[in-house]
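In this note's numbering, the protein residues as written are 518 to 672.
Right, one structure below, let's go through it.
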Amino acid sequence: MTTTHRAAVKALQKFGGSALRASLNSNGRTYRKALVSPRKASVIRKAAIVDKTFGSFDNLTGIGWDIAWDVEKKQTAGGKLANINGEKWAINSLKPFKGKLNERTREERAMKIEEKLEGMDKLIENHRKEVKERTGKKEGVEALYKRIIARAGRR
């Protein structure tokens, strides 16, 4: 086993699994933090798995990890189950990257755009007709001639 976190290993030797949990103070109202932090416990546990001492703890040497100390963890989205000493244990890994919001909602946005485009040809036609009616421009040769003359007079 590695020599890191010696104080945590000593606390495990002295107090066992109770060193991993917070305990109630003598006044019965406040809690005392755990002697071994979850981060350090995780490092010690993983070192025991690598050293193949997972499942038993030697009080004299401080080597290993007792299975009774493990807190049952739910399997996360990126987590995997590992077969250690014939039992399945959750080994959590990083969750996959969620991606950018615009990447996640791309299909939804495309569906909205397609729905809106379905009746767009008719809407554009109606709009153009309304604009012609509002402006009062008449089609034909006479209207075109008057426009050209009016432009020539402005120059």
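Quick reminder that beta carbons are idealized off the backbone N, C-alpha and C, glycines included.
No experiment lies behind these values; they were computed from the predicted model shown.
Which stretch, first to last residue, makes up the alpha helix (DSSP H) that contains N643? As a first step, residue 643 is located in the sequence shown; it is residue number 126 there, counting from the start. Run containing N643: M637 to T652, per the alpha helix (DSSP H) assignment.
Go ahead and pull the three-state DSSP assignment for K531. Locating residue 531 in the sequence shown gives position 14, counting from the first residue. In this structure, K531 counts as helix in the three-state DSSP scheme.
On a Cα-Cα basis, can you pick out the residue from G581, L661 and L577 that is closest to D568? Residue mapping note: residue 568 aligns to position 51 of the sequence shown, counting from 1. Distances from the alpha-carbon of D568 to those of G581, L661 and L577 put G581 closest.
Using the three-state DSSP reduction, which class does R577 fall into: helix, strand or coil? Position 60 of the sequence shown holds residue 577. Per the sequence presented here, residue 577 reads as Leu, with Arg not at that position. Correct three-state label for L577: coil.
Note the first and the last residue of the continuous alpha helix (DSSP H) segment covering V567. What you label residue 567 is simply residue 50 of the sequence shown in a count that begins at 1. Counting along the chain, the alpha helix (DSSP H) containing V567 begins and ends at P555 to D568.
Helix, strand or coil at R549 according to DSSP, with G and I counted as helix: As a position in the sequence shown, residue 549 is number 32, starting the count at 1. Strand, per DSSP.
Who pairs with W586 in a beta bridge, going by DSSP? Against the sequence shown, residue 586 aligns to sequence position 69. Answer is none; W586 lacks a bridge partner.
A669: first and last residue of the uninterrupted alpha helix (DSSP H) it sits in: On the sequence shown, position 152 is the one that residue 669 refers to. Here the alpha helix (DSSP H) through A669 covers V658 to R671.
Since F614 sits in a beta bridge, which residues does DSSP pair it with? Residue numbering aside, residue 614 sits at position 97 when the sequence shown is read from its first letter. In the DSSP output, where bridge partners are listed per residue, F614 has none listed.
Roughly how far, in whole angstroms, is the beta-carbon of V553 from the beta-carbon of A528, given that I think they are within contact range, below 8 Å? Numbered from 1 along the sequence shown, position 36 holds the residue referred to as residue 553. Numbered from 1 along the sequence shown, position 11 holds the residue referred to as residue 528. Indeed, because the Cβ distance is near 5 Å, the residues count as touching under 8 Å.
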